[in-house]
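For what it's worth, this note's numbering labels the leading residue of the sequence shown as 11, then goes sequentially.
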Amino acid sequence: MNAQQLSKRLAKVGEFVPNQARLADIGSDHAYLPVRLMLANKISYAVCGEVVKGPYESAVHQVTLQGLADKITVRLADGLFAIEPSDNIDTITICGMGGTLIKQILLEGKEQITGEELLVLQPNVGEATLRKYLVANGYTIISEEILEENKKIYEIIVAKKLSQPTSLNEAQYLFGPHLMQAKTPIFIKKWQRELKQRQKVLQQLQKATTKHMEKMTELEAEIKLIEEVLV
Ligand code: SAM
């Protein structure tokens, strides 16, 4: 992957970014996504936020190399603290991290944003935790995507605050309201894999001398939900 050729995962994230968006890419690493979108004239301005010095320097290098320093600002900052009001950001991407970390970034930086921004989030794990946070905070999940790249399955969650907030049930938090409707072959592959993993863990817990009743009940409930969605 480089700024010319994005990974399939980041390219799909980029498709959800509206035309001429003012984008904040948080956890930007090499700044590949904003740079590619800017080179394609898809966005009009971007902020890259990075909390770690090495990736921050890679992002600065990439933006300078492509001659985009006047259109892409790179800031060494924690989460949404990379965003300043004068940036007028309307779209935020946070990709390639766990759902719990994305949730923490959104929670800790809540005051840094207007709440009107479109969120395009790509958690590597912990999608249900992230969906629960979004819905509890007035966001509606307006679109979702699931894709496979290099044998890994990724989900993308697109959320926005709408005038009428929506609520979700446990199955929708776990599988994604749009993904469970579409039930693509990749979705089925993911949940067949997840089902096997949970059944294995449950068997181990059942054999263990110390019983972890709470964990076992949670696993049994999830196994039931997965079996139902795979029918
Ligand atoms: N977004 C890129 C992608 O999807 O390919 C890079 C993903 S990389 C695995 C995660 C990046 O997020 C790392 O560069 C890490 O330093 C950065 N990061 C983690 N926590 C962060 C935070 N609180 N604020 C800003 N960046 C963060």
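The beta carbon of each residue, even a glycine, is placed where N, CA and C say it ideally should be.
Give a yes or no on whether the C-beta atoms belonging to residue i and residue j are separated by under 8 angstroms.
i: Glu137; j: Gly89; result: no
i: Lys199; j: Ile163; result: yes
i: Leu43; j: Gln76; result: no
i: Glu180; j: Leu235; result: yes
i: His188; j: Glu154; result: yes
i: Ile102; j: Ala34; result: yes
So, for residue i: in the same chain, excluding its five sequence neighbours on each side, which residues have a beta-carbon less than 6 angstroms away from its beta-carbon?
i: Leu131; result: Ile104, Ile112 and Ile167
i: Tyr143; result: Lys113
Suppose you measure from the CA of residue i to the CA of residue j; what does that come to, to the nearest Å?
i: Val70; j: Glu232; result: 44 angstroms
i: Ala41; j: His222; result: 44 angstroms
i: Ile99; j: Gly109; result: 22 angstroms
i: Trp201; j: Asn134; result: 15 angstroms
i: Gln6; j: Glu25; result: Given a span of 11 to 241 for the chain in the structure shown, any question on residue 6 remains unanswerable.
i: Leu178; j: Asn147; result: 13 angstroms
i: Pro175; j: Leu116; result: 18 angstroms
i: Pro65; j: Glu127; result: 25 angstroms
i: Ile152; j: Met226; result: 33 angstroms
i: Met190; j: Glu224; result: 26 angstroms
i: Ile53; j: Val23; result: 13 angstroms
i: Leu140; j: Asp97; result: 26 angstroms
i: Pro95; j: Phe197; result: 38 angstroms
Provide the residue span of the alpha helix (DSSP H) that contains residue i, from first to last.
i: Ala181; result: Glu180 to Phe185
i: Thr110; result: Gly109 to Glu118
i: Gln76; result: Premise fails: Gln76 is in no alpha helix (DSSP H) and is neither H nor E.
i: Ile196; result: Pro195 to Lys217
i: Ala50; result: Note, Ala50: premise wrong, no alpha helix (DSSP H); not H, not E.
Spatial neighbours of residue i within its chain, please: C-beta separation below 7 angstroms, excluding the five flanking residues on both sides.
i: Val211; result: Leu229
i: Asn12; result: Tyr42
i: Glu118; result: Gly89
Leaving out the 5 sequence neighbours to the left and right, which residues in its chain are closer than 8 angstroms to residue i when beta-carbon positions are compared?
i: Val61; result: Gly37, Leu86, Ala87, Asp88 and Gly89
i: Ile82; result: Ala41, Pro44, Val45, Met48, Tyr55, Ala56, Val57, Cys58 and Val73
i: Asp39; result: Glu60, Pro65, Ser68, Ala69 and Gly106
Between which two residues does the beta strand (DSSP E) harbouring residue i extend?
i: Val241; result: It is not in any beta strand (DSSP E) - Val241 carries neither H nor E in the DSSP assignment.
i: Lys171; result: Lys162 to Lys171
i: Ala56; result: Ile53 to Glu60
i: Thr139; result: First-last for Thr139: Glu137 to Ala146, but that is the alpha helix (DSSP H), not the beta strand (DSSP E).
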